[in-house]
Amino acid sequence: MSGGTDSSVAAILLKESGYDVTGVTFRFFEKEEGDLSSANDAAEVASKLGIKHIIYDARTLFEKEIIRYFIREYIDGRTPVPCMLCNNFIKWPLLMKIADENGIKKIATGHYARIIHYNNHLLIAKGSDPDKDQSFFLWGISKEIRNRMLLPLGTLLKKEIRETAQKKGFYKIAQKKDSIGVCFCPEDYRPFLRKYADPSVLSPGFFIDEKGTILGKHQGYPYYTVGQRRGLGLNLQQAMYVKEIRKEENLIVLSELKSLYKQEMIVKDYQLCAPEYFDFKHIVICKIRYRKQATPSIVKQIDKNYLYIKFLEPLEMVAPGQSAAFYDNDMVVGGGIIDSAS
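For the sequence shown, the residue numbers in my numbering are 1 to 342.
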């Protein structure tokens, strides 16, 4: 229970369905030391519902596994996916740990996704609200956790969830704004890097084109990501995009959009939720962005560490470090982290 609308309504719906509910609020990152406003909001909802409420301090773990990773990826010239990492390898495993310690069988969140049975698998599927679907972030959830998951918001629309909070008398919760972006730097990540990263890697360098011609100066390669067009600070005669980041030389290669299209990629740290789809015969839909992108692909395992993906349609702006989720219709059948593309 984050103190927001979605997790609060999830608790309300579970309580009304007859479950003995325990609410858990994680302390992951606080912009101001001791800021417990969200935890207090969650505690207020729990008190009104008459359910047990636990505040779990995970700040040390979050700093080690998420914040350090976030900074390291930008310094390595890659595009981090902290929300995916947190959901799959911090939040859900911690929920299961707390559940086990308290003798609780099921674990639930306010994610907009569903759990479905298919071909002897228990799979995560897209939520019914296309504008809020969060299945893209959940490909790494282990089978053990999927067997215990409840996702009470999966079949609902956001407007229905706000209406539910209103009808049940949770007026403050009903009006809460949705959280946007990464929780520890929801807007521009560059000030965050300036505060926490080693200043030596944030030195100015040069933009060059594909032929090596200098186009201008950049502020430091970690401030840019593959596929970026806006915010380059250049006045060029045509639209140019970040094609490549060469961290050793502190160079950023710019090109036209047509040069960013890729035919294949390698994915690491993968999970196959339904292994039969990855025989290089089945066509799956590959998504490397949360919204507005879906590419037919075929996938095969190289070894236990890597997958090979061939796009059946060229795909632009494939950035190392991004998350790739594989779908069959609405079902998430696997996913991984992009290692390289060509």
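We put the beta carbon where it would ideally sit given N, CA and C, even for glycine.
Asked: Terminal residues of the alpha helix (DSSP H) in which PHE170 lies; Found: Element bounds for PHE170: n/a, residue is neither H nor E.
Asked: Contact belief for CYS185 with PHE192 at Cβ below 8 Å, rounded distance in angstroms; Found: 4 Å
Asked: Segment contact flag, the region 95–109 with the region 265–272, C-beta cutoff 8 Å, min 3 pairs; Found: no
Asked: Identity of the residue in THR225, LEU312 and LYS262 nearest ASP76 by Cα; Found: THR225
Asked: Given PRO314 as reference, the closest of SER297, TYR308 and GLY335 once Cα atoms are compared; Found: SER297
Asked: Cβ-based burial, ARG229 [other Cβ within 10 Å; buried from 16]; Found: exposed
Asked: Rounded C-alpha distance that separates ASN88 from PRO275; Found: 19 Å
Asked: MET331 - partner residues in DSSP beta bridges; Found: ALA125 and ASP328
Asked: Identity of the residues DSSP links to GLU264 by a beta bridge; Found: LYS310
Asked: Those runs of the beta strand (DSSP E) which lie wholly inside the region 196–272 and span at least 3 residues; Found: 205–208, 214–218, 241–246, 251–255 and 261–272
Asked: Pairwise C-alpha distance: GLY334 and ILE55; Found: 32 Å
Asked: Beta-carbon proximity check, ILE107 vs LEU95, cutoff 7 Å; Found: yes
Asked: LYS172 to PHE28 span [Cα, whole Å]; Found: 23 Å
Asked: Burial state of ASP133 (16 or more Cβ within 10 Å); Found: buried
Asked: Segment limits, alpha helix (DSSP H) that includes LYS97; Found: 92–101
Asked: Which residues DSSP lists as bridging GLN301, in chain order; Found: LEU307
Asked: Unbroken alpha helix (DSSP H) run spanning ILE145, endpoints; Found: 143–146
Asked: Contact check, LYS176 vs THR5, beta carbons under 7 Å; Found: yes
Asked: Member of ALA10, GLU244 and LYS217 whose CA lies at the smallest distance from the CA of LYS262; Found: GLU244
Asked: Nearest neighbour of SER7, chosen from LYS31, ASP35, ALA39 and GLU32 [CA to CA]; Found: ALA39
Asked: Cβ-Cβ distance between PHE136 and ALA324 below 7 Å; Found: no
Asked: Coil, strand or helix - LEU49 by DSSP; Found: helix
Asked: Neighbour-count burial assignment, LEU236, 16 or more Cβ in a 10 Å radius; Found: exposed
Asked: Under the three-state DSSP convention, the category VAL21 falls into; Found: coil
Asked: CA-to-CA distance, TYR241 to LEU254, given in whole angstroms; Found: 5 Å
Asked: Other residues of its chain near LEU388: CB distance less than 7 Å, five sequence neighbours each side excluded; Found: Because the chain in this structure spans residues 1 to 342, residue 388 falls outside the shown range and cannot be described.
Asked: Backbone CA spacing between GLY227 and GLU256 [nearest angstrom]; Found: 10 Å
Asked: First through last residue of the alpha helix (DSSP H) which encompasses TYR74; Found: 68–75
Asked: Neighbourhood of ILE66 by C-beta, 7 Å cutoff - its chain only, sequence neighbours within 5 removed; Found: PRO82, LEU85, CYS86 and ILE90
Asked: 8 Å CB neighbourhood of ASP339 in its chain, flanking five on each side removed; Found: MET265, ILE266, VAL267, LYS268, TYR306 and PRO320
Asked: Under the three-state DSSP convention, the category SER342 falls into; Found: coil
Asked: Cβ distance (whole Å) where ALA11 is taken to contact VAL24 below 8 Å; Found: In fact, because the Cβ distance is near 10 Å, the residues do not count as touching under 8 Å.
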